[in-house]
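Participant: All the letters of the sequence shown, read from the start, carry residue numbers 2 to 286 under the numbering used here. Before I ask anything, let me first share the structure, which is written out below as structure tokens.
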Amino acid sequence: MSTEIQRVAVTAKRVSSEAIDAASELADWLTRRGIQVDVDGAIAERHSSDDLGKFDTEDEYDLVVVLGGDGTLLSVARDHDVRSPFLGVNLGYLGFLSEVKRDELYPAMLEVLEGRFELEKRSLLDVELERYGGGQESYRVLNDAVINKSALARILELTLDVDGKRVTTYRSDGLIISTPTGSTAYNLSADGPILTPKLPVVVLTPICPHTISMRPIVVSDSSTIVVTLQTDREEVYLTLDGQEGTQISARDKVTIQRSGAEVSLVKVTGRTFFDSLRDKLRWGE
């Protein structure tokens with residue numbers, strides 16, 4: 002893909018000195034090449050230079066480089082204007098979104114600056130919480146929305162409707178509603194299927210279902226999915242991408258639809274999704 006990179010944002014996992022140091026070095030490297038660089042507050046504190054701007058999550062960049070791991074990229078992508086493409090640099094062990102490793106950072110950046118990269122679109126879900134007592138809250142997720150109980154709560158009853166038609170009532174510890182991107186996250190841990198990222202679907206996976214007949218379901222992402230909590234007097238939470246959430250109550254409704262926005266991930270390594278699966282899940286070892 003031939004795109005001139007002139008304006009770059011660099012952000013890092015806030016609690017990782019390694020990530021902040023690596024981001025600071027990258028900001029210097031980019032600045033020396035005449036590129037305008039904006040950084041977040043933690044990186045700016047390592048710099049005395051006035052050449053760096055402030056990372057604005059409402060602004061649009063030619064590239065946003067995220068150093069940390071999948072969780073950091075999820076947080077940034079959810080908060081940022083999703084028109085900007087993201088390059089994730091994985092400083093941890095397991096990462097499906099942040100596929101560039103630390104020692105690949107500068108070779109990858111040279112590829113990007115020379116226009117030798119591809120953009121891979123990932124779908125987002127819009128999540129609308131309608132409270133039975135009144136009030137609505139809106140969220141957007143790249144991985145998943147999860148309804149689950151606290152450690153001491155009893156089994157939940159959750160009714161599922163797809164496009165206005167009743168599907169089932171789940172009796173389980175909860176329910177995961179996942180994008181294909183999120184299929185390798187909590188969904189995988191709950192024995193849900195692994196989905197290739199470009200599939201136009203949503204997977205619904207019960208958490209520890211009460212009966213073995215309750216299995217994951219894959220539906221079109223053009224569907225409107227409505228989950229209603231039927232259980233009362235229990236602590237139940239709606240969690241978004243494993244990073245933010247809220248407590249919900251009986252007869253609250255959660256409506257999930259594919260978002261009109263998408264996330265663009267920069268691909269430079271030539272590593273396929275199946276390469277990542279073999280590497281990170283240790284298939285064939």
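Where a beta carbon is used, it is the ideal one built from N, C-alpha and C, also for glycine.
Do the segment 101 to 118 and the segment 235 to 254 make contact, defined as three or more Cβ pairs closer than 8 Å?
Facilitator: no
Participant: For residue 136, does the count of other Cβ atoms within 10 angstroms reach 16, so buried, or fall short, so exposed?
Facilitator: exposed
Participant: Would you kindly report the start and end of the unbroken beta strand (DSSP E) that includes residue 279?
Facilitator: From DSSP, residue 279 is part of no beta strand (DSSP E) but of the alpha helix (DSSP H) over 274 to 281.
Participant: Assuming residue 227 contacts residue 202 (C-beta within less than 8 Å), just tell me the rounded distance between them.
Facilitator: With 8 Å as the limit, residue 227 and residue 202 do not qualify as a contact, their Cβ atoms being about 17 Å apart.
Participant: Using 8 Å as the cut-off, can you tell me whether the segment 88 to 99 makes contact with the segment 14 to 26, which would need three or more C-beta pairs spanning the two stretches below that distance?
Facilitator: yes
Participant: Considering only DSSP beta bridges, list what residue 144 is partnered with.
Facilitator: According to DSSP, residue 144 bridges with nothing at all.
Participant: Using only alpha-carbon positions, find the residue among 42, 145, 132 that is nearest to residue 243.
Facilitator: 145
Participant: If we cut at 8 Å on Cβ distances, does residue 46 have a partner in chain B?
Facilitator: Among the protein chains of the structure shown there is no chain B, as only one such chain exists.
Participant: Output the distance between the C-alpha atoms of residue 186 and residue 37, rounded to the nearest integer angstrom.
Facilitator: 35 Å
Participant: Can you list, in chain order, the residues of its chain with a C-beta nearer than 7 Å to that of residue 15? Leave out the 5 residues immediately preceding and following it.
Facilitator: 43
Participant: Closest to residue 281 by CA distance: which of 128, 189, 155 is it?
Facilitator: 189
Participant: Grouping DSSP H, G and I as helix and E and B as strand, with all else coil, what is residue 269?
Facilitator: coil
Participant: Nearest by alpha-carbon distance to residue 267: which of 217, 215, 66 is it?
Facilitator: 66
Participant: Please give me, in chain order, every unbroken run of the alpha helix (DSSP H) with length at least 4 that falls completely inside the segment 25 to 52.
Facilitator: 42 to 45
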